[in-house]
Amino acid sequence: MGPIRPPSEAQSLLIRVTRNCPWNQCEFCHTYKGETFSIRSVEEVQKDIDQIKEIADEIRELSWRMGQGGRIDQTVLRRFLSQPGAKSAAHQMVAGWLYFGGGQVFLQDGNSLMRKTDDLVAILRYLKEKFPSIQRITSYGRARTLAKKSVEELKELRDAGLTRIHIGMETGYDPLLQYMKKGVTAKEQVIAGRNVVASGISLSEYFMPGLGGERWWREHAVDSARVLNQIDPDFIRLRTLYVRPNMPLHRKVEKGEFTRPADDQIVEEIRLFLDTLDGIQSTVVSDHILNLLEEVQGKLPGEKEKMVGIIDRYLAWPAEKRLQFKVGRRLGYLRNLEDLDDRNLQLRVDPIIQEVHRSFRQEHGRPASDGEIEKEIQVLMENYI
Ligand code: SF4
C-alpha cells in the first residue's frame with residue numbers, strides 16, 4: 007500500500023497501481039521525497055487483486071460459519087482479526103473495507119493516470135470482474151498528464167469503471183505554480199479539468215489556502231477561482247498549507263523567502279476565493295483537519311452566501327475569541343463556531359493559552375503575542391495530525 011489517499015477515501019480499498027510520484031518536485035509536498043517512481047506491471051496488480059479476493063472470501067466464509075449470513079459486522083471483524091495469520095496490513099485493510107460495504111476503491115499513488123490507458127482499463131476491468139459490488143473507483147491524477155489524455159481515452163476509463171479523479175490544482179496563479187515547482191500551467195489545469203468533466207468522470211479539484219504566502223495571497227485566491235470557473239468541477243476541496251520540516255518549502259521559510267500567512271489571513275483569502283467563484287455549480291468541501299473553519303462548505307451557487315457568512319461571523323469576533331477558537335480547533339477540541347459557546351470547552355482552552363503566556367514570560371520576559379501563540383499551537387498540532 008502507498009502512503010496516502012484523499013480524506014474522502016477513508017473507507018476505500020487501496021490498490022497501488024504505480025509506486026510514488028513521477029514528478030516529485032512540488033515544494034510543499036513531502037510525501038514521496040527520496041522515493042523512486044515505478045509502474046507496477048498489470049500482472050502484479052492483478053495478483054494483488056487475487057490476494058484481496060482470497061482474503062475477502064475467507065472473511066465471508068467465517069461470517070457464514072458464525073451464522074451471520076455473509077455479513078461483515080463487528081463480531082465477524084473481531085473474530086477474523088483475532089485469528090493467527092490475519093494480522094497483516096492487507097488482512098486488516100480488506101476486513102475494514104468489507105465492514106464499510108466493500109463498494110469503494112482508491113488507486114494509488116500520486117498519478118495513476120500516467121499509466122497507459124489500455125493497462126489501466128485492464129486493471130479496472132479485472133477489479134470489477136472480481137468484485138462486482140464495487141460502485142466507485144477513484145484516483146489521483148496530475149493536471150499535466152490529464153491535459154494530454156484525450157476525452158475518448160478518459161471515456162474508456164470511465165466505461166471500465168473509473169468514477170472520480172482527484173486533481174491537486176493547489177493554485178491557478180502561474181508565478182506561484184512556477185515558484186512551487188508544480189510543473190503545470192494554469193492553462194493546462196483548465197484543459198485537464200475540462201477533459202475530465204467532458205468524459206463524464208466526476209472531478210475533485212484541490213485548492214490550497216495559504217500557498218500564496220503573505221506575498222501572493224490575493225493573486226492566489228483570485229486566479230485559482232478563475233481557473234475553477236472555467237472548469238466547473240463536481241467538487242472543490244480545501245486543504246490548507248502546513249509547512250513541515252521535511253518539505254523543500256521549509257528551507258524557503260527558514261531563509262525568510264516565504265512566509266505562511268497567519269490563520270486569520272488565510273480565512274480572508276478563502277473569503278476572496280469564494281467571492282471570485284462564479285457561474286459554477288461545484289460543491290465546496292472542507293474535509294481536512296488542517297482547515298480552520300471546517301463548516302465552510304456547501305453547494306454553489308446557492309450556498310455561497312452561507313459560506314461567506316460563516317467567515318464574516320468569525321472575522322467579526324474580537325481577537326481574543328478568535329484565538330480561543332484557533333487553539334481549540336488546532337487541538338481537536340472543537341469543530342464549529344457554535345462549539346465555542348460551550349463553557350466547558352472554553353475552560354479547557356483558556357489554561358492552555360495562559361500556560362503558553364507563562365512559559366513565554368519565563369523565557370523572554372514578556373507575554374506571547376497572538377502570532378507566537380499560534381506558532382506554539384501549530385507545533386502541538388503537528389503531533390495531532
Ligand atoms: S505532483 Fe502531487 S504527489 Fe507529486 S510532488 Fe506534486 S503534490 Fe506531491
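If you read the sequence shown in the numbering used here, its first letter stands for residue 7, the second for the next number, and so on. A virtual CB, placed ideally from N, CA and C, is assigned to each residue, including glycine.
- The alpha-carbon of Gly147 is positioned some 20 Å away from that of Thr246.
- Counting the other CB atoms within 10 Å of its CB gives Ser145 a total of 16 or more, which places it among the buried residues.
- Three or more beta-carbon pairs separated by less than 8 Å link the segment 173-188 to the segment 207-226, which places the two stretches in contact.
- Straight through space, the alpha carbons of Leu337 and Gln31 are spaced by roughly 31 Å.
- Straight-line spacing of the CA atoms in Ile286 and Asn201 works out to 16 Å.
- With respect to the 8 Å criterion, Val127 and Ala166 are classified as neighbours on the basis of their beta carbons.
- Residue Cys27 holds the alpha-carbon nearest to the alpha-carbon of Thr42 among Cys27, Arg367 and Gln98.
- Under the Cβ criterion (8 Å, minimum of three pairs), the segment 32-39 does not count as touching the segment 309-319.
- In this structure Gln184 is exposed. Its beta-carbon is surrounded by fewer than 16 other beta-carbon atoms within 10 angstroms.
- Out of Asp356, Val51, Ala92 and Leu104, the CA that lies nearest to the CA of Lys327 is found in Asp356.
- Taking a 10 Å sphere around the C-beta of Ser18, we find 16 or more other C-beta atoms and assign the residue as buried.
- Look at Gln141 here: in three-state DSSP terms it is coil, with no helix or strand label.
- With a contact defined as Cβ atoms closer than 8 Å, Val51 and Ser118 miss out at about 10 Å.
- Of Arg46, Ser14, Ala16 and Glu15, the smallest CA-CA separation from Arg25 is found for Arg46.
- In the DSSP assignment, Ser208 falls within the unbroken beta strand (DSSP E) covering Ser208 to Phe213.
- Listed in chain order, the beta strand (DSSP E) elements of length 3 or more contained wholly in the segment 331-376 amount to none.
- Residue pairing by DSSP places His172 opposite Tyr146 and Ser210 in a beta bridge.
- Remark: C-beta atoms of Lys59 and Lys134 do not approach each other more closely than 8 Å.
- Per DSSP, the unbroken beta strand (DSSP E) holding Ile21 starts and ends at Leu19 to Arg22.
- Pairing Gly108 with Pro138, the inter-Cα distance amounts to about 10 Å.
- 8 Å or more divides the Cβ of Leu234 from the Cβ of Ser292.
- Excluding residues up to 5 positions away in sequence, Val249, Thr265 and Arg266 lie with their Cβ nearer than 8 Å to the Cβ of Val259 in the same chain.
- In the displayed model, Phe43 falls within coil according to three-state DSSP, outside both helix and strand.
- Within 10 angstroms of the beta-carbon of Leu298 lie 16 or more other beta-carbons, which makes it buried.
- With respect to the 8 Å criterion, Val111 and Ala62 are not classified as neighbours on the basis of their beta carbons.
- Annotated as distal: Ala227 and Thr191, with beta-carbon spacing of 8 Å or more.
- As computed with DSSP, Gly304 is found in a beta bridge with Val290.
- Checking the DSSP bridge columns, you'll see Ile61 has no partner listed.
- In this structure, ligand 1 has a non-hydrogen atom nearer than 7 Å to the beta-carbon of Arg148.
- For Arg232, the enclosing alpha helix (DSSP H) has its first and last residue at Gly219 to Ile237.
- For the 8 Å CB-CB criterion, Ser205 and Leu255 do not form a contact.
- Taking C-beta atoms as the reference points, Ala322 and Phe279 fail to come closer than 8 Å.
- Check the Cα spacing between Ile276 and each of Gly216, Gly308, Thr151 and Met253: the tightest is with Gly216.
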